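Here is the structure we will look at, set down as structure tokens.
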Amino acid sequence: MAMVELAGDKFEAGASILHPKNMHAFHYTQLLGLKRKSSSDDNSFGIWDGQKFIFKTYPSQGKLTSLLNDLLIFWRYGISLFKMQNYVSKLLNKFVHYYDSSQPIFYSVEEMLKWTDLYEYTMQSLQKELIAAGLSSCLIFELVTVITRINYGQSVNISGLAGAVSLCGSGSGLWSVEGGNWQMAAGLIDRANVSLHLNVEVASIAFNGKNYEIKSSEGQVHHCDVAVLATPLDEVNISFIPEISIPERQLHHTYTTFVRGRLNPLYFGQTSSSSLPELIGTVEVPDLPFSSVSVLKDYSRDDKAYKIFSRKPMAEDLLDKMFSIRKETIRIDWAAYPHYKAPERFASFLLDDHHLYYINAFENAASTMETSSVAAKNVARLIMSRLY
Numbered sequence: 001m002a003m004v005e006l007a008g009d010k011f012e013a014g015a016s017i018l019h020p021k022n023m024h025a026f027h028y029t030q031l032l033g034l035k036r037k038s039s040s041d042d043n044s045f046g047i048w049d050g051q052k053f054i055f056k057t058y059p060s061q062g063k064l065t066s067l068l069n070d071l072l073i074f075w076r077y078g079i080s081l082f083k084m085q086n087y088v089s090k091l092l093n094k095f096v097h098y099y100d101s102s103q104p105i106f107y108s109v110e111e112m113l114k115w116t117d118l119y120e121y122t123m124q125s126l127q128k129e130l131i132a133a134g135l136s137s138c139l140i141f142e143l144v145t146v147i148t149r150i151n152y153g154q155s156v157n158i159s160g161l162a163g164a165v166s167l168c169g170s171g172s173g174l175w176s177v178e179g180g181n182w183q184m185a186a187g188l189i190d191r192a193n194v195s196l197h198l199n200v201e202v203a204s205i206a207f208n209g210k211n212y213e214i215k216s217s218e219g220q221v222h223h224c225d226v227a228v229l230a231t232p233l234d235e236v237n238i239s240f241i242p243e244i245s246i247p248e249r250q251l252h253h254t255y256t257t258f259v260r261g262r263l264n265p266l267y268f269g270q271t272s273s274s275s276l277p278e279l280i281g282t283v284e285v286p287d288l289p290f291s292s293v294s295v296l297k298d299y300s301r302d303d304k305a306y307k308i309f310s311r312k313p314m315a316e317d318l319l320d321k322m323f324s325i326r327k328e329t330i331r332i333d334w335a336a337y338p339h340y341k342a343p344e345r346f347a348s349f350l351l352d353d354h355h356l357y358y359i360n361a362f363e364n365a366a367s368t369m370e371t372s373s374v375a376a377k378n379v380a381r382l383i384m385s386r387l388y
């Protein structure tokens with residue numbers, strides 16, 4: 001939930017939208033008294049193949065334009081759009097069972113997924129899932145690919161459940177917290193009244209037969225009866241005594257570049273800036289240097305705030321070509337989510353025979369704020385069931 005400041009405004013590097021059925025996030029906003037704001041569905045949209053726009057909608061100018069854009073999308077993708085909606089609805093209807101008060105407590109991700117019949121979605125790719133659901137190749141390799149590249153930085157070869165969750169982030173009714181979604185995490189930590197040890201690197205976690213001894217890289221030592229890991233273990237250097245065993249996985253790094261300025265229409269084969277969509281998505285072709293470009297805020301004709309997602313750092317000379325005016329540039333690189341590849345393998349929520357727990361085991365199924373909350377709630381219930 002990193003924030004950046006551009007042109008005096010604050011923007012989130014990621015985790016910027018929430019689904020209307022994200023019940024935990026909805027509850028957090030109520031609990032903390034945070035205001036919600038709806039995500040705009042009116043932004044113009046285009047699909048770029050590296051050479052040209054293969055699809056574009058019109059800039060929103062009211063209900064008539066919105067209707068025309070709906071017709072354009074239907075003309076290109078047809079009834080496959082409804083098949084995609086049905087596919088996503090089917091998954092959501094399974095996922096909402098995690099909000100049932102009667103749900104069991106799970107030791108493993110596999111049993112948690114099997115309880116809602118979602119495990120099978122992790123066993124093959126999204127592409128195969130959508131072909132089996134009857135979606136056209138045009139929709140899969142254009143619109144669906146754009147969505148997975150924006151939300152997970154990966155192609156439709158990602159595992160089916162992660163891909164389906166990604167598609168949920170393209171529906172209607174999306175929302176965010178006014179002022180930034182980071183306020184949910186900050187507010188919950190503050191409400192929990194915990195002692196924070198910020199900017200401390202954990203070097204080792206050892207079970208001494210009675211409790212856990214946590215050592216920092218600077219030699220600080222803390223003891224606790226229960227240890228909960230709420231960060232991916234794939235790129236951290238923590239020594240565990242005794243050793244733990246988790247499946248190897250690769251994290252996908254997302255490079256987010258914020259630019260204040262003006263896109264160069266000539267780079268995209270356009271004659272004027274007004275013909276550029278507010279959201280530019282991309283298809284899966286070799287050497288395409290970015291996944292998406294979106295307008296965050298429009299200050300004036302020659303002054304806008306943009307967010308670029310890419311799989312590699314955006315080179316200076318490339319940015320000079322893409323932008324005719326560039327006043328500010330901010331770069332962020334973070335290990336955003338796993339590199340998804342079916343069939344997925346999962347670590348356990350419980351990493352030893354005592355009380356060492358791992359929330360991020362669920363991320364191999366899907367990685368969002370809401371799925372992390374669902375996994376965290378299960379771990380909390382698991383701890384309570386084993387302690388008392």
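Numbering (this note's numbering), first residue to last: 1 to 388.
Here a beta-carbon is modelled for each residue, glycine too, at the ideal position from N, C-alpha and C.
This structure is a prediction, so every number in the text was calculated from the model and none was measured.
For Glu12: DSSP bridge partner residues: Start at 1 with the first residue of the sequence shown, and residue 12 comes out as number 12. Paired residue(s): Met3.
Tell whether a beta-carbon distance below 7 Å holds between Lys307 and Phe349. Position 307 of the sequence shown, counting from 1, holds the residue named residue 307. Position 349 of the sequence shown, counting from 1, holds the residue named residue 349. Cβ atoms of Lys307 and Phe349: not closer than 7 Å.
Check whether chain C comes within 7 Å of His252, counting only Cβ atoms and requiring the distance to be less than that. Checking the listed chains, one finds no chain C in this structure; it contains a single protein chain.
Name the residue from Leu351, Gly169, Val194, Gly153 whose alpha carbon lies nearest to the alpha carbon of Glu243. Residue mapping note: residue 243 aligns to position 243 of the sequence shown, counting from 1. Of the listed residues, the one whose Cα sits closest to Glu243 is Leu351.
Check whether the Cβ atoms of Ser166 and Ser80 sit closer than 7 Å, and answer yes or no. Position 166 of the sequence shown, counting from 1, holds the residue named residue 166. Position 80 of the sequence shown, counting from 1, holds the residue named residue 80. Not closer than 7 Å, so no.
Quick one: what's got a C-beta closer than 8 Å to Leu118's C-beta in the same chain, skipping five residues either side? Along the sequence shown, read from residue 1 onward, the residue named residue 118 stands at position 118. Here the set comprises Leu91, Lys94, Phe95, Leu161, Ala365.
Using 10 angstroms around the beta-carbon of Gly219, count the other beta-carbons present and answer buried if the total reaches 16, otherwise exposed. Within the sequence shown, residue 219 is the residue found at index 219, counting from 1. Exposed, by the Cβ-count rule.
Three-pair Cβ contact test at 8 Å for the segment 107-118 versus the segment 141-154: no
Roughly how far, in whole angstroms, is the beta-carbon of Ser367 from the beta-carbon of Pro338, given that I think they are within contact range, below 8 Å? One-based indexing of the sequence shown puts residue 367 at position 367. One-based indexing of the sequence shown puts residue 338 at position 338. Sure, about 6 Å apart at Cβ, within 8 Å.
Could you tell me whether the segment 162-181 touches the segment 26-39, where touching means 3 or more Cβ pairs closer than 8 Å? yes
Give me, in chain order, the residues of the same chain whose beta-carbon lies closer than 8 Å to that of Glu235; leave out the 5 immediate sequence neighbours on both sides. Against the sequence shown, residue 235 aligns to sequence position 235. Cβ neighbours of Glu235 beyond the five flanking positions: Leu251, Ala335.
Looking at the unbroken beta strand (DSSP E) that takes in Val202, where does it start and where does it end? Along the sequence shown, one-based indexing puts residue 202 at 202. Note, Val202: beta strand (DSSP E), 202-207.
Whole angstroms are fine: how far does the CA of Ile150 sit from the CA of Ile280? Here residue 280 refers to the residue found at position 280 when the sequence shown is read from its first residue. Here residue 150 refers to the residue found at position 150 when the sequence shown is read from its first residue. The straight-line gap from Cα to Cα measures roughly 10 Å.
Determine the extent of the beta strand (DSSP E) in which Ile95 is found, giving its start and end residues. Within the sequence shown, residue 95 is the residue found at index 95, counting from 1. Looking at the sequence shown, residue 95 is not Ile but Phe. From DSSP, Phe95 is part of no beta strand (DSSP E) but of the alpha helix (DSSP H) over 80-95.
Applying the criterion that 16 or more other CB atoms from any shown protein chain within 10 Å of the CB defines a buried residue, is Thr57 buried or exposed? Within the sequence shown, the letter at position 57 stands for residue 57. Thr57 should be labelled buried.
Taking the C-alpha atoms as reference points, what is the distance between Ser385 and Ala230? If you number the sequence shown from 1, residue 385 lands on position 385. If you number the sequence shown from 1, residue 230 lands on position 230. C-alpha separation (whole angstroms): 19 Å.
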